[in-house]
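Q: Mind looking over this structure? Questions follow.
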Amino acid sequence: MNQPPYPPQHQQHSLPGCWWHPDRQTGLRCTRCERPACPDCLREASVGYQCVDCVHTGQQQQRAQRSAYRRAGFGARTIAGARPSSRAVVVPVLIALNVLVYLLTAVQAADPMSNHHSALHQDGVLWPLAMIGESQWWRLVTSGFLHYGLIHLAINMIALWVLGRDLELLLGRLRFTAVYLVSLLGGSVAVFVFDDLNKATAGASGAIYGLLGAMLVAVIRLRINPTTVLAVLALNIIITFQIPGISLFGHLGGLVIGVLAMIAMVYSPERNRTGWQVGTLAALTVAMIGLVVFRDAQLADATCQIVGNQYVCYPGSGGLPA
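In this note's numbering, the protein residues as written are 8 to 329.
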């Protein structure tokens, strides 16, 4: 760094003292406040030299201006309108939450591979008959944080980590959380509306398939070759159809909602973009609630009876067992 020149020796007897070091005579001044300053108290600026106080004040003003600029909505943004970030926060929190719930169910059941026998699992799993007969609608959400055994949990959490990190950086924390939750709800609603009423379903797969659909929309919007994402999506759909015990409707419901939500995130017009995004997510949520209400009303007049160890429901008069 260039240092300001010292004044000639023959001038030092008539020079003022430095503002911060009065015993040091100096012929230099701050170009901003014009106070006398010795070389140790000056810093090089865009024009001339400024004293340490003026440099500190200028830095504070710049930080305040940048903060006000960001609060006003200006600055660098991703295609979804989020501020760029270098670290995912929501994804690790979601993984930790799923793992914590699994550990609680495993401790209750005293068996890590048969944790579905725990009271917490049975009270939160997606079981349509309990939802209709006893109005346990919280199962639409809680089922997305429950898993059948350690392998089921591990597969879903690895997928969440792989897909979620990049999507969170692209969408930002709030938008990513919204897409994740609305996809989770989409999978649960699809199971409730189209699947077997007496089948219990659990897992984060609906939300993860929503993230997979969101990733496909993102690569298309960014004009990246979508071949890899399409191949992964096709492979997962084939596995869903081929392996018994996997919730087909939960996966497809999450996938469809995830695609629609992501389209709103990355294709909304820049003008009033947040309004378009919030409006679309609200419309999707209202539509899913409408499907649940319709299905509930449709089954209100159903006749249910026990056949073997299962409830079987038929259209007609009557009601579901409470």
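Each residue gets a CB set at the ideal place from its N, CA and C atoms; glycine is no exception.
(1) In chain order, what residues of the same chain lie with their CB nearer than 7 Å to the CB of Gln18, ignoring the 5 residues before and after it?
(2) Does the Cβ of Val338 have 16 or more other Cβ atoms within 10 Å, making it buried, or fewer, making it exposed?
(3) Could you check whether Leu259 and Ala197 sit closer than 9 Å to each other, using their CB atoms as the reference points?
(4) For Arg146, which of helix, strand or coil comes out of DSSP?
(5) Is Glu175 helix, strand or coil by DSSP?
(6) Taking Cys37 as the reference, give the member of Ala166, Cys48, His123 and Leu178 with the closest Cα.
(7) For Asp130 and Val108, what's the separation of their Cα atoms in angstroms?
(8) Would you identify the three-state DSSP class for Pro43, choosing helix, strand or coil?
(9) Would you identify the three-state DSSP class for Cys25, choosing helix, strand or coil?
(10) Are three or more beta carbon pairs between the segment 201-213 and the segment 151-161 nearer than 8 Å?
(11) Considering only DSSP beta bridges, list what Tyr56 is partnered with.
(12) Expressed to the nearest angstrom, what Euclidean distance is found between the alpha-carbon atoms of Val200 and Leu133?
(13) Alpha carbon to alpha carbon, what distance is there between Asp202 and Leu327?
(14) Restricting to Cα atoms, I'd like to know which of Tyr274, Ile165, Ala225 and Leu267 is closest to Leu291.
(15) Relative to the C-alpha of Ser275, which residue among Gln67, Ala89 and Gly24 is closest?
(16) At what residues does the alpha helix (DSSP H) containing Trp283 begin and finish?
(17) State the DSSP-derived secondary structure class of Ala271, mapped to helix, strand or coil.
(18) Taking a contact to mean a Cβ-Cβ separation below 9 Å, would you say Ile215 touches Gly261 in this structure?
(19) Counting C-beta neighbours from all protein chains within 10 Å, is the total for Gly24 16 or more, i.e. buried, or is it exposed?
(20) Using DSSP with H/G/I as helix, E/B as strand and the rest coil, what is Thr112?
(21) Which stretch, first to last residue, makes up the alpha helix (DSSP H) that contains Pro251?
(22) Going by Cα to Cα distance, which pick from Ser21, Leu170 and Val98 is closest to Ile240?
(23) Is His112 buried or exposed, if buried means 16 or more other CB atoms sit within 10 Å of its CB?
(24) Let me check understanding here. Comparing Cα to Cα, which of Asn232, Ala221 and Lys206 lies closest to Gly252?
(25) So, is Gln67 buried or exposed, given that buried needs 16 or more other C-beta atoms within 10 angstroms?
(26) Are Ile264 and Leu192 closer than 9 Å when you measure CB to CB?
(27) Let me know the secondary structure DSSP gives Arg94 once reduced to three states.
(28) Do Gly217 and Ser190 come within 9 Å of each other at the CB atom, strictly closer than that value?
(29) Which class does Leu133 belong to by DSSP, given the choice of helix, strand or coil?
(30) How big is the Cα-Cα spacing for Trp27 and His63?
(31) Taking Cβ positions, are Ala116 and His124 nearer each other than 9 Å?
A: Checking against the coordinates, here is how it stands:
(1) On the sequence shown, position 11 is the one that residue 18 refers to. A caution first: Gln18 carries a pLDDT of 49, below 50, which makes its placement in the model too unreliable to give a value.
(2) Residue numbering for the chain in the displayed model covers 8 to 329; residue 338 lies beyond these limits and cannot be assessed.
(3) Residue mapping note: residue 197 aligns to position 190 of the sequence shown, counting from 1. Residue mapping note: residue 259 aligns to position 252 of the sequence shown, counting from 1. A contact, by the Cβ cut-off of 9 Å.
(4) Within the sequence shown, numbered from 1, the residue matching residue 146 stands at position 139. Helix, per DSSP.
(5) Position 168 of the sequence shown, counting from 1, holds the residue named residue 175. Three-state DSSP puts Glu175 in a helix.
(6) For the purposes of this step, residue 37 is taken as residue 30 along the sequence shown, with counting starting at 1. When each option's Cα is compared against that of Cys37, the closest is Cys48.
(7) Position 123 of the sequence shown, counted from the start, is the residue given in the question as residue 130. Position 101 of the sequence shown, counted from the start, is the residue given in the question as residue 108. Cα-Cα distance, rounded: 13 Å.
(8) Working through the sequence shown from its first residue, we reach residue 43 at position 36. Here Pro43 sits in strand by DSSP.
(9) The residue given as residue 25 occupies position 18 in the sequence shown. Cys25 falls in the coil class under three-state DSSP.
(10) yes
(11) Locating residue 56 in the sequence shown gives position 49, where the first residue counts as 1. Looking at the DSSP assignment, Tyr56 forms a beta bridge with Glu51.
(12) Counting from one through the sequence shown, the residue named residue 200 turns up at place 193. Counting from one through the sequence shown, the residue named residue 133 turns up at place 126. Cα to Cα, Val200 sits roughly 12 Å from Leu133.
(13) Indexing the sequence shown from 1 puts residue 327 at position 320. Indexing the sequence shown from 1 puts residue 202 at position 195. Caution applies to Leu327, whose pLDDT of 35 falls short of 50 and renders its modelled position unreliable; the model cannot decide the point.
(14) Your numbering for residue 291 matches position 284 in the sequence shown. The shortest C-alpha separation from Leu291 is found at Leu267.
(15) Within the sequence shown, the letter at position 268 stands for residue 275. The option with the nearest alpha carbon to Ser275 is Ala89.
(16) Counted from its first residue, the sequence shown places residue 283 at position 276. It spans Arg280 to Leu306 - the alpha helix (DSSP H) in which Trp283 sits, taken as one unbroken run.
(17) Numbered from 1 along the sequence shown, position 264 holds the residue referred to as residue 271. Note: Ala271 maps to helix in three-state DSSP.
(18) Start at 1 with the first residue of the sequence shown, and residue 215 comes out as number 208. Start at 1 with the first residue of the sequence shown, and residue 261 comes out as number 254. Cβ distance < 9 Å, so Ile215 and Gly261 count as in contact.
(19) Stepping through the sequence shown from its first residue, residue 24 is reached at position 17. The residue is exposed, with fewer than 16 neighbouring Cβ atoms inside 10 Å.
(20) Here residue 112 is taken as the residue at index 105 of the sequence shown, counted from 1. Looking at Thr112 - three-state DSSP - the assignment turns out to be helix.
(21) Start at 1 with the first residue of the sequence shown, and residue 251 comes out as number 244. Neither: Pro251 is in no alpha helix (DSSP H) and is coded neither H nor E.
(22) Counted from its first residue, the sequence shown places residue 240 at position 233. Sequence inspection shows Leu at residue 240; the Ile mentioned does not correspond to that position. Ranking the options by Cα distance to Leu240, first place goes to Leu170.
(23) Reading the sequence shown from its first residue, position 105 is the one you call residue 112. With the sequence shown as reference, residue 112 is identified as Thr, and His is not the correct amino acid for it. Burial call: buried.
(24) Mapped onto the sequence shown, residue 252 falls at position 245. When only C-alpha atoms are compared, the closest one is Lys206.
(25) As a working mapping, residue 67 is identified with position 60 in the sequence shown. So Gln67 counts as exposed.
(26) Here residue 264 refers to the residue found at position 257 when the sequence shown is read from its first residue. Here residue 192 refers to the residue found at position 185 when the sequence shown is read from its first residue. For Ile264 and Leu192, yes; Cβs fall inside 9 Å.
(27) Locating residue 94 in the sequence shown gives position 87, where the first residue counts as 1. If DSSP states are grouped into helix, strand and coil, Arg94 belongs with coil.
(28) Here residue 190 refers to the residue found at position 183 when the sequence shown is read from its first residue. Here residue 217 refers to the residue found at position 210 when the sequence shown is read from its first residue. In this structure, Gly217 lies closer than 9 Å to Ser190 by Cβ.
(29) Locating residue 133 in the sequence shown gives position 126, where the first residue counts as 1. Of the three classes helix, strand and coil, the one that applies to Leu133 here is strand, per DSSP.
(30) For the purposes of this step, residue 27 is identified with residue 20 of the sequence shown, where counting begins at 1. For the purposes of this step, residue 63 is identified with residue 56 of the sequence shown, where counting begins at 1. Each residue's Cα considered, the two are about 15 Å apart.
(31) Within the sequence shown, residue 116 is the residue found at index 109, counting from 1. Within the sequence shown, residue 124 is the residue found at index 117, counting from 1. Closer than 9 Å, so yes.
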